[in-house]
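Trainee: Numbering (my numbering), first residue to last: 9 to 273.
Here it is, the structure in full.
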Amino acid sequence: MTLAERCGPWAVIPGGSEGVGAVFADRLAAAGINLVLVARTAARLEATAAALRAAHGVEVRTLALDLSTEEAAGTIARATEGLDVGMLVYNAGSAGGPVPLIDQAPEAALANIRLNVFGQTLLAQHYARGMVARGRGAIVLVGSLGAIAGCKNLAVYSAVKSYTQTFAEGLWAELSPHGIDVAALMIGRTRTPALERTELHANTGVPAAEPEEVVDFALANLGEGPVLVPPDHLPSFQAMRAMPRRKAVEIMTRSLEPQTRDLLA
């Protein structure tokens, strides 16, 4: 079965205007799958959509939307009503700068939760219903190796990324018997515009993965869920998950130091 047969004819990609999301869009468009791209910045969305239409001749719709709002999931569902959506790639959710929870505005913490927990839950639920009826489809939730353990100054971020992994595991158990692939793609430090806009990449001395490498790995292993970890990070992922939690938290906290900040995505 081709990728289009398995995951088409439409794919929805929240966070699809740049970086990993844009590479997913390119790969799916190259396979003949039509796209709905969702992101906050309209100009960036339209530029990505125009390039995909020109390169691959597929239909690309855009929706400029703040994915951290309470209404985001419902707005996306209404905008895609009537489309036969065979794939959801939920790529939204960045860390921002490391800040102690007590120094954050409550709205900042809640926006991170809505973006990474509410949004992917409601959209996965919505599109999975159609996929179950068809007996095929795929859901990819882009997570982070920052989920391996809680982390000082990133308490909410590491927690919501942990939700992505656990949610994908449960969803895989529910949906794989219906012929639907589900995977949490747990990425490390990746060369994206979002990384360049934050301070998390400064002076790390750690090479970043290319988005193309990450996406190609995910698509090549789509049926190997529920958790996909790029091979370079798999040994440390497994070791951190197995060690005592206090030690894991201490290691994650040290990962904020410039020399070892490669676990954050």
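Where is the CB? At the ideal position from N, CA and C, for every residue including glycine.
Just so you know, these numbers come straight off a predicted model, no measurement behind them.
Name the one or two DSSP bridge partners that residue 4 has.
Mentor: Nothing about residue 4 can be reported from this structure: the residues present for the chain run from 9 to 273 only.
Trainee: Pairing CB atoms from the segment 140-158 with CB atoms from the segment 105-123, are three or more of them under 8 Å?
Mentor: No, because fewer than three Cβ pairs between the segment 140-158 and the segment 105-123 fall closer than 8 Å, the two stretches do not touch.
Trainee: Using the C-alpha atoms, what's the distance from residue 11 back to residue 18?
Mentor: Here residue 18 corresponds to residue number 10 of the sequence shown, with the count starting at 1. Here residue 11 corresponds to residue number 3 of the sequence shown, with the count starting at 1. Going by the C-alpha atoms only, they are around 11 Å apart.
Trainee: Would you say the segment 189-197 touches the segment 148-168, given that touching needs at least three Cβ pairs under 8 Å?
Mentor: Judged by Cβ distances under 8 Å, the segment 189-197 makes contact with the segment 148-168, as three or more pairs qualify.
Trainee: What did DSSP end up calling residue 42 once you bin it into helix, strand or coil?
Mentor: Mapped onto the sequence shown, residue 42 falls at position 34. Of the three classes helix, strand and coil, the one that applies to residue 42 here is strand, per DSSP.
Trainee: From the DSSP secondary-structure annotation, give me the bridge partner or partners of residue 147.
Mentor: As a first step, residue 147 is located in the sequence shown; it is residue number 139 there, counting from the start. Paired residue(s): 96 and 190.
Trainee: Assess contact between the segment 62-72 and the segment 32-48, defined as three or more Cβ pairs (one per stretch) separated by less than 8 Å. Is contact present?
Mentor: Yes: at least three Cβ pairs fall under 8 Å.
Trainee: Looking at the secondary structure, which residues open and close the alpha helix (DSSP H) in which residue 19 lies?
Mentor: On the sequence shown, position 11 is the one that residue 19 refers to. Premise fails: residue 19 lies in the beta strand (DSSP E), 18-22, not in any alpha helix (DSSP H).
Trainee: At the level of alpha carbons, what is the spacing between residue 16 and residue 37?
Mentor: In the sequence shown, counting from the first residue as 1, residue 16 sits at position 8. In the sequence shown, counting from the first residue as 1, residue 37 sits at position 29. Approximately 10 Å between the Cα atoms of the pair.
Trainee: What span of residues does the alpha helix (DSSP H) with residue 230 cover, start to end?
Mentor: One-based indexing of the sequence shown puts residue 230 at position 222. Element bounds for residue 230: n/a, residue is neither H nor E.
Trainee: Would residue 31 pass as a contact of residue 99 if the rule is Cβ separation under 7 Å?
Mentor: For the purposes of this step, residue 31 is taken as the residue at position 23 of the sequence shown. For the purposes of this step, residue 99 is taken as the residue at position 91 of the sequence shown. The answer is no: Cβ separation not under 7 Å.
Trainee: So residue 68 is in the beta strand (DSSP E); what residue range does that whole segment cover?
Mentor: Mapped onto the sequence shown, residue 68 falls at position 60. Segment 68-72, the beta strand (DSSP E) holding residue 68.
Trainee: Can you round the beta-carbon distance between residue 34 and residue 60 to whole angstroms, since I take them to be within the 8 Å contact cut?
Mentor: Start at 1 with the first residue of the sequence shown, and residue 34 comes out as number 26. Start at 1 with the first residue of the sequence shown, and residue 60 comes out as number 52. Their Cβ separation, rounded to whole angstroms, is 6 Å, which keeps residue 34 and residue 60 in contact under 8 Å.
Trainee: May I ask you to report which of helix, strand or coil DSSP gives residue 47?
Mentor: The residue given as residue 47 occupies position 39 in the sequence shown. DSSP places residue 47 in strand when its eight states are reduced to three.
Trainee: Which class does residue 184 belong to by DSSP, given the choice of helix, strand or coil?
Mentor: Working through the sequence shown from its first residue, we reach residue 184 at position 176. Note: residue 184 maps to helix in three-state DSSP.
Trainee: Scan the segment 116-179 and note each continuous alpha helix (DSSP H) run of 4 residues or more that stays entirely inside, going in chain order.
Mentor: DSSP runs (the alpha helix (DSSP H)) wholly in the segment 116-179: 127-142.
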